[in-house]
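Heads up: the sequence shown runs through residues 0 to 175, numbered per numbering that gives the first Met the number 0.
One structure is given here, and the rest of the page talks about it.
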Amino acid sequence: MIYNYKVKDTNGEMASLDEYKGKVLLVVNTATGCGFTPQYEGLQKLYDKYKDRGFEILDFPCNQFFNQAPGDDEEIKSFCTLNYGTTFKRFSKIDVNGEGADPVYKYLRTEAPEADEDDKSKELYDFLSSKGFNTSGDEIKWNFTKFLIDKDGKIVKRFAPTVDPEKIEKEIEKLL
0 MIYNYKVKDT NGEMASLDEY KGKVLLVVNT ATGCGFTPQY EGLQKLYDKY
50 KDRGFEILDF PCNQFFNQAP GDDEEIKSFC TLNYGTTFKR FSKIDVNGEG
100 ADPVYKYLRT EAPEADEDDK SKELYDFLSS KGFNTSGDEI KWNFTKFLID
150 KDGKIVKRFA PTVDPEKIEK EIEKLL
């Protein structure tokens, strides 16, 4: 269960995810220099609309995909605040794939190995494959992969990076 994990916050302190029990969560690996970075705007809109109803976004910056999350935690925070006005919870930068993957992401990948995709997903995966990225199996394929988790900590769905936050809204509403 996701509540069994601890993650490092942007102050370098370990934070338990059990503080999110009873909330609907959207867990996202992000990057500040990615073509999908403008999704921060849609994420913030969802957060603003539903935060008072028990919805939280957990942001995990990741630099594993073409080094698109440069900078330290403070620089990432400043970028997101200045450019997108983000106020949802951001954690310290992590790896989401490979031997050094954060345990919470190993869990998420195992529990939800397949993503809900849209028409743009195949194009993205074909491009990534041509650049040597693994687009099969349970690995996170790219920045802005999203995991929707219900109030009981169960992963409801994994969404491909190409799925805009606005397209997830109905799923969130059903869980609140």
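All C-beta atoms, glycine included, are put in the ideal place defined by N, C-alpha and C.
- DSSP places I154 inside the beta strand (DSSP E), whose first and last residues are I154 to F158.
- Annotation for S91: no alpha helix (DSSP H) segment contains it, and DSSP assigns it neither H nor E.
- Between the segment 83–92 and the segment 44–56 there are three or more inter-stretch CB-CB distances shorter than 8 Å, so the stretches are counted as touching.
- Annotation: T9 is outside any beta strand (DSSP E) and is labelled neither H nor E by DSSP.
- Between T31 and D72, the C-beta gap is not smaller than 7 Å, which leaves the two residues out of contact.
- Contact check for C33 against N142 passes: the beta carbons are separated by less than 7 Å.
- Counting only runs of 4 or more residues that sit fully inside the segment 104–134, the alpha helix (DSSP H) segments are 118–129, in chain order.
- In this structure, DSSP gives P60 an extended state, which the three-state scheme calls strand.
- Going by DSSP, I148 is part of the beta strand (DSSP E) stretching over K145 to I148.
- In this structure, D118 sits away from F158, with a CB-CB distance that is not shorter than 7 Å.
- Beyond the five residues adjoining it in sequence on each side, Y124 comes within less than 6 Å, by CB distance, of T134 in the same chain, given in chain order.
- DSSP places L16 outside any beta strand (DSSP E), giving it a letter other than H or E.
- Shown here for S120: same chain residues with a beta carbon closer than 7 Å to its own, the five before and five after excluded, namely A159 and T161 in chain order.
- L24: not part of any alpha helix (DSSP H); member of the beta strand (DSSP E) spanning V23 to T29, first to last residue.
- Cα atoms of K140 and N62: separation of roughly 13 Å, rounded to the nearest angstrom.
- When DSSP states are grouped into helix, strand and coil, K76 belongs to the helix group.
- Secondary structure note for Y49: its alpha helix (DSSP H) is the uninterrupted segment Q38 to Y49.
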